[in-house]
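Visitor:
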Amino acid sequence: MLDQSQVNERGRRLTLINSVIGISIAGISTRVFMISVPTLATALGTDILGISWALIVYQMAGIGLGVVCGRLGDIYGHHKMYGFGMAVMAVGSLLCGLSQDVFQLILFRFVQGVGGAMIQSSGRTLAFKAMPVGSEGKAQGLMAMSHQFGFFVGPPLGGLIIDWIHWRGIFFLLFLPSLVGMALCFMTGRAVVESAARSRSVDYRGAVLFLGLTIVVTMLLDQKIAVVMGAGSQALLGFAFVATLWAFVAYEKKTPSPMIDLSFFSVPAFGYGSVGLLMCCITQGLTTFVTPFYLQDVLRLSPTFMGIIFLVPSLLSMVLSPVSGAMTDRIGARFLLIT
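Numbering of the sequence shown is given in this note's numbering, commencing with residue 649 and proceeding in unit increments.
Structure below.
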């Protein structure tokens, strides 16, 4: 029979495996959708701006709820939050596959995004706690590799499904792995000991303001919305953006448990690092969204061939992520960030 230490070690390993599955699912759900946007736009009778909202709401859920889900995980347990995230991801993926028009797809992609926010906020934390002390860099590298693995397999797998089965299959693809993640959550229980949060307060108002700020920025940049709203809409949205930003900053400064501790940005390493990451994400987001339309509508490439093209950057990131994580533990992050 297995003693308690062996049982705990088995549970820790299953927790780590489950974290890898969840972070990979999050990566797949993002990149498999990117490869399918031209096909989805045609099938659902919309244009590039219309289908872009199915991508935007997924990202909005992560932006607006990621910190809140992480905080709820601190209070009620990341194991529970992760399991709920897998359940929401399974339901959202199933509903996306059953969507009959672009409006349903946008709504169900938001549900999928909520599940993704829960998975990513708690999955990484569980992975860190499942690894031995002093291996935080390896855990970070493993999580980055898992996310890039999802980026890696998503495009070619999505292309094959679109070409040989149906576009709805790219969403059904995520249903079964999400159920596996739920089962592993049930099997592992509380294999990883979690420290209780010192405060049980959650900054829901800050999250709502931040989500509203994200929506206003998106509407401000969407020219189609400007045409629908008519003359003067850009000035109105610009005013709404300034007002929402002021309200968010003012509230976060005075609340005792803020969603985002703005004082962190006064630390040069954190502030400059955040700006650099923002620039990297903007560049990557622009290219990955527009490129599929160019490849399919202009160059007339098949989704399968498009998926192969998208393999290259993800392959490099997947290979280098664990290496950079191990190097971070040895020499620190500064040199790697500069290079």
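We treat Cβ as the ideally placed atom computed from N, Cα and C, and that holds for glycine.
All values reported here derive from a predicted model rather than from experimental measurement.
1) Could you tell me which of S741, P803, A735 and G731 sits nearest to L774, measuring between CA atoms?
2) Quick one: using the 10 Å Cβ neighbour count with 16 as the cut-off for buried, is F918 buried or exposed?
3) Check whether the segment 723–738 touches the segment 765–773, counting contact only when three or more Cβ pairs, one atom from each stretch, lie closer than 8 Å.
4) Along the chain, where does the alpha helix (DSSP H) containing D722 start, and where does it finish?
5) Using the beta-carbon count (16 or more within 10 Å), is S922 buried or exposed?
6) Please give me, in chain order, every unbroken run of the alpha helix (DSSP H) with length at least 4 that falls completely inside the segment 787–869.
7) Using a Cβ-Cβ cutoff of less than 7 Å, which residues in the same chain neighbour V865 once the five nearest sequence positions on both sides are dropped?
8) Assuming G806 and I696 make a contact with CB atoms under 8 Å, what is their CB distance in whole Å?
9) Starting from F937 and walking both ways along the alpha helix (DSSP H), at which residues does that stretch end?
10) Closest by CA to M708, which one among L664, I754, V739 and I671?
11) Report all residues from its chain with a CB closer than 6 Å to the CB of R679; omit the five preceding and five following residues, and keep chain order.
12) Determine the direct distance from the alpha carbon of G761 to that of K902, and round the result to whole angstroms.
13) So the alpha helix (DSSP H) F887 belongs to, where does it begin and stop?
14) Once you ignore the five residues that flank F913 on each side, which residues in its own chain have a CB closer than 6 Å to its CB?
15) Taking DSSP as the reference, what is the three-state secondary structure of V971?
16) Helix, strand or coil: how does DSSP classify I665 here?
17) Where does the unbroken alpha helix (DSSP H) through Q748 begin, and where does it stop?
18) Quick one: what does DSSP say L692 is sitting in, helix, strand or coil?
19) Applying the 10 Å Cβ sphere with the 16-neighbour rule, what's the burial state of Q944?
20) Pick from I665, V736, Q748 and G712: whose alpha carbon is nearest that of L691?
21) Does chain C have any CB closer than 7 Å to the CB of A702?
Guide: From the atom records:
1) G731
2) exposed
3) yes
4) I696 to Y724
5) Residue environment analysis places S922 among the exposed positions, since fewer than 16 neighbouring C-beta atoms fall within 10 angstroms of its C-beta.
6) 817–820, 823–836 and 852–869
7) F889
8) In fact, because the Cβ distance is near 18 Å, the residues do not count as touching under 8 Å.
9) Unbroken alpha helix (DSSP H) run through F937: P916 to F941.
10) I754
11) F799, G802 and P803
12) Roughly 29 Å between the two C-alpha positions.
13) S881 to K902
14) G919
15) helix
16) helix
17) Element bounds for Q748: n/a, residue is neither H nor E.
18) Note: L692 maps to coil in three-state DSSP.
19) Label assigned to Q944: buried.
20) The question names Leu, yet the displayed sequence has Ala at residue 691. Relative to the Cα of A691, the nearest Cα in the group I665, V736, Q748 and G712 belongs to Q748.
21) Here chain C cannot be found, since the structure has a single protein chain.
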